[in-house]
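Asks:
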Amino acid sequence: MPEAGGGTKTSHAVVVEPGTFEVENHYYPRCLNAQRHPLVSSFMGLSNKAIAKRYCHLNPHTDEDALLELLSTPKKFFKWAGSDLFCVTDNSGKKQMIVVETNSCPSGNKSLPLVQDTVDMDSNYHKLIKRAFWPAVQAFGGEGALAVVYDKNHMEASGYAAAMADIAGEPVYLATWKDTDPDPPSRIVDRQLQVRKADGTWINVRAAYRYVTQKPWTRIPPVLEKSLIFNPIVCCLAGGRNKMCADKAYEFFNHKNFNTGVTIRTPVTIRDVHKREVPIWVKSMGGFAVVKVPYGNAGQGVYTICSSEELKDFMDTDHHYDKFIVQSLVGNHSWSSDFKGKKYYHTGTVPSTKGLTHVTDLRFMLYSTEKGFKVASMYARRSADPLTKRAPVGTESWGQLGTNLSIKLGDNLWDTDTRRLLLMDSRDFNKLGLGIDDLIDGYIQTVASVSAIDDMAGELMSKGKFDRELYGSVNSDQALLDEIVE
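In numbering that gives the first Met the number 0, the protein residues as written are 0 to 485.
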């Protein structure tokens, strides 16, 4: 069902009491009737030490101590994240996972099959709140209530609120905060988050779990002194909702860790591209490329270019922002970008009985604890149309290459195409053609990308407050800079 959008029907926060978590409300129905794949359960049960040892056994050039330190180091800012990865191969047949993008405040928990039919306080929602959010709340202190603020994905946002109420043993306020709502039940006053109660009064919030994903920097400052925001907006600006800045963070990370053998793998990415330059870059990549609005999410602002018609459609579209990124396109072996000696193509699903293979991506959702990273959830998505041997013609490439399930119906009005969701269960996981070493590779790529963005956030906050001047140097798109509230 579509999620409500535009102005909010309820102009006040909803109170969520302890003991109200019901699995039927916070998981897709398919998950309730699915059994988690044994290989996935085995992987999720591995310690970071075992993961580092296995990875370095297969990749002896990697420094095991450095990798284990990376996996075990808690993050200061970016404590909850998700990366989307492609499983690809190249002309030499080397199979590997590459990072497509990394998101702050990602979806995922509603898509993980349960280990058992009933949950008490051990759902993946509860584990994330207990191990990552709650220690941060206790360290922060502060005065006021607890809250979850969100602009989409009510299923998961309400799940976090119910789990938080259970862990904290107190009511939690669940409040919307949509960018088109003229009178939302959430606001910032005197450097503190407030939410509106049913009687119309406003109360202070000491800590909030944030699922505000659409241009959150237009409503929430990079950091608040009187309220803990999990994750803080600086994570989005540093790369969690900014693909331009994320690529710079990855580049800095790879330079810093070059001697350890731990590097982030991505498609070739060209940053700070003005619209008029896009055709030149597409041509240089052999006519196949992906153009992205750096600050979009949920599949919005992503253009797969495989034909002159698709390039024309992009050039004829009006865009709010001034700069774009252009990436090498990962397609089939005969029609992928070949640029700077780097050419990837999709391994795709195991062929169906009709011989059809679809593009898939894999989402890793992680959280950072005092002892390092943990996997919160995993799921995969497939394209609507199967891969073809010939390059797509006309405007049909998105059907073969697009995997995002979100469908934007209007301002703050969303639907989800769950038919293309692939669960980590005994039925769907086998279609992916992945083994435990592929999952380990994907996990390490996710940890590395999250750590890179956390490092960037640390640089932006190195003076104890958000360094707008430094950010303007790192990301010079004036349209974005004008949106950031302080």
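Note that beta-carbon positions come from the ideal geometry of N, C-alpha and C, so glycine has one too.
1) Tell me which residue opens and which closes the alpha helix (DSSP H) that residue 48 is part of.
2) So, residue 233 versus residue 460, is the Cβ gap smaller than 7 Å?
3) Between the stretch 421-437 and the stretch 198-218, do at least 3 Cβ pairs fall closer than 8 Å?
4) Hey, residue 522 and residue 173: beta-carbon distance below 7 Å or not?
5) What ranges does the beta strand (DSSP E) occupy inside the stretch 90-129, keeping only unbroken runs of at least 3 residues that lie completely in it?
6) Compute the beta-carbon to beta-carbon distance between residue 362 and residue 98, rounded to the nearest angstrom, for a pair I have assumed lies under 8 Å.
7) Classify residue 485 as buried or exposed, calling it buried when 16 or more other Cβ atoms lie within 10 Å of its own Cβ.
8) Taking the alpha-carbon positions, what's the residue 413 to residue 201 distance?
9) Pairing CB atoms from the stretch 208-224 with CB atoms from the stretch 48-67, are three or more of them under 8 Å?
10) Could you give the distance in angstroms between the alpha-carbon of residue 156 and the alpha-carbon of residue 133?
11) In chain order, which continuous runs of the beta strand (DSSP E) of length 3 or greater are located wholly inside the stretch 310-372?
12) Count the other CB atoms within 10 Å of the CB of residue 293; is the residue buried (16 or more) or exposed (fewer)?
13) Could you give the residue range of the beta strand (DSSP E) that holds residue 404?
14) Hey, how far is the Cα of residue 394 from the Cα of residue 38?
15) So what's residue 436 in DSSP terms, helix, strand or just coil?
16) Quick check: the stretch 374-381 against the stretch 95-113, are at least 3 beta-carbon pairs closer than 8 Å?
17) Roughly how many angstroms lie between the CA atoms of residue 419 and residue 383, to the nearest whole one?
18) Please state whether the Cβ-Cβ distance between residue 244 and residue 103 is less than 7 Å.
19) Quick check: residue 346 and residue 86, are their CB atoms within less than 7 Å of each other?
20) Please report the straight-line C-alpha distance between residue 451 and residue 198, rounded to a whole angstrom.
21) Tell me the DSSP bridge mates of residue 193?
22) Beta strand (DSSP E) containing residue 418: first to last residue?
23) Would you mind working out which of 443, 314, 188, 106 sits nearest residue 373, comparing C-alpha positions?
24) Would you list the residues sitting across from residue 80 in a DSSP beta bridge?
25) What is the rounded straight-line gap between the Cα of residue 481 and the Cα of residue 92?
26) Could you please give me the residues that DSSP links to residue 287 through a beta bridge?
27) With 16 as the cutoff for other CB atoms within 10 Å, does residue 105 come out buried or exposed?
28) Could you work out which residue in 55, 313, 130, 276 is closest to residue 436 when comparing CA atoms only?
29) Is it buried or exposed, residue 431, if we count other Cβ atoms within 10 angstroms and call 16 or more buried?
30) Counting only beta-carbon atoms, is residue 479 nearer than 7 Å to chain B?
31) Mind checking whether residue 178 and residue 321 have CB atoms under 7 Å apart?
32) Taking the alpha-carbon of residue 226 as reference, which of 36, 46, 145 has the nearest alpha-carbon?
33) For the beta strand (DSSP E) containing residue 146, name the first residue and the last one.
34) What residue from 96, 142, 463, 24 has the CA that sits closest to residue 124's CA?
35) When you compare only the Cα positions, how much space is there between residue 218 and residue 349?
36) Taking residue 364 as the reference, which of 401, 441, 270 has the closest Cα?
Replies: In brief:
1) Start and end: 47-57.
2) Taking 7 Å as the cut-off, the beta carbon of residue 233 is found closer than this to the beta carbon of residue 460.
3) no
4) Residue 522 cannot be examined here, being either before or after the span of the chain that is shown, 0 to 485.
5) 95-103
6) With a Cβ gap of about 12 Å, residue 362 and residue 98 do not count as contacting.
7) With fewer than 16 Cβ atoms within 10 Å of its Cβ, residue 485 is classed as exposed.
8) With a pLDDT of only 46 at residue 413, under the threshold of 50, the placement of this residue in the model should not be trusted; the figure read from the coordinates follows. Whole-angstrom Cα-Cα distance: 28 Å.
9) Contact between the stretch 208-224 and the stretch 48-67 is absent, because fewer than three Cβ pairs lie under 8 Å.
10) Rounded to whole angstroms, residue 156 to residue 133 spans 16 Å at the Cα level.
11) The stretch 310-372 contains these whole beta strand (DSSP E) runs: 322-327, 359-368.
12) buried
13) It is not in any beta strand (DSSP E) - residue 404 carries neither H nor E in the DSSP assignment.
14) 38 Å
15) helix
16) yes
17) 7 Å
18) In this structure, residue 103 does not lie closer than 7 Å to residue 244 by Cβ.
19) yes
20) 44 Å
21) 186, 203
22) Looking at the DSSP string, residue 418 is not in any beta strand (DSSP E), and its letter there is neither H nor E.
23) 443
24) 103, 365
25) 46 Å
26) Residue 287 is not bridged to any residue.
27) With 16 or more other Cβ atoms from the protein chains shown falling within 10 Å of its own Cβ, residue 105 counts as buried.
28) 55
29) buried
30) Included in the structure is just one protein chain, with no chain B present.
31) In terms of Cβ geometry, residue 178 and residue 321 do not form a close pair [threshold 7 Å].
32) 145
33) 144-149
34) 24
35) 44 Å
36) It is 441 whose Cα lies nearest to the Cα of residue 364.
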